[in-house]
Each structure stands twice: as structure tokens, then as C-alpha cells.
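Read in order, the letters of the sequence shown are residues 1 to 93 in full-length UniProt numbering. Report on one structure; see the data block that follows.
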Amino acid sequence: MADSSFRTDWLSKSLAGILLGFLAAMAICGLFFLLPLPIGPSAEAQLMMWLVGPVWLTLLSTCFLFRSGTRAWFWLGLTNVVLYALYFLFKSF
């Protein structure tokens, strides 16, 4: 017989994906913006604007792969710290 126990931590996983996933998506797009792309500034701004949504939704959908909401908050929070540290490090050059 299959285990049909209901997980009650879906809310904390969802909030981690929504809040921390959005911040991570912004950091990823910020890092991508720092790359020297051979396109014009207007096209680069459009690319960054349209890139946020797919990256955010990818992070939001993967947050449900964590075993618990606490782990989702921890790992997404750690990911944000690393991404923003890289962003500010590379921005200073």
C-alpha cells in the first residue's frame, strides 16, 4: 500500500520559492547583465526584463523538491547570499 500522508509544509516551500526565488532570479539576471554582450543597451535591457520570469518560475518549481520547508528556506537563502556576493564582487571590477 502506498503512503498517502499529506505534507503540510507546502506553504513554507511556496513562500521560499516566491520570495527567495524572486531575489535569486534578480541576482542571476544581474550577473547576466554584467556580461559583455554584443547587443545594444535597449536589447540588453529587454533581455534582462524577459529573463526574470522564466528563471523565477524555474526556481519556484524546484523548491518543491526539498524535503522540508526549512531546507528550502536554508538552501535558497544560501543561494541568494552566494549570488549577491558574486554580483557585488563582479560589479566592483
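C-beta atoms are modelled at their ideal positions from N, C-alpha and C, and glycine is treated no differently. Keep in mind the model is a prediction, meaning the values are calculated, not measured.
Judged by DSSP in its simplified three-state form, Phe66 adopts coil rather than helix or strand.
The Cβ-Cβ distance between Lys13 and Ala72 falls below 8 Å.
Look at Ile39 here: in three-state DSSP terms it is coil, with no helix or strand label. Separation of Leu35 and Pro41 (C-alpha to C-alpha, rounded to the nearest whole angstrom) is 12 Å. The beta carbons of Leu51 and Gly21 sit no closer together than 8 Å. Taking the Cα of Leu19 as reference, the smallest distance to any Cα among Lys91, Cys63, Leu31, Arg67 is reached at Cys63. The alpha-carbon of Ala43 is positioned some 17 Å away from that of Gly53.
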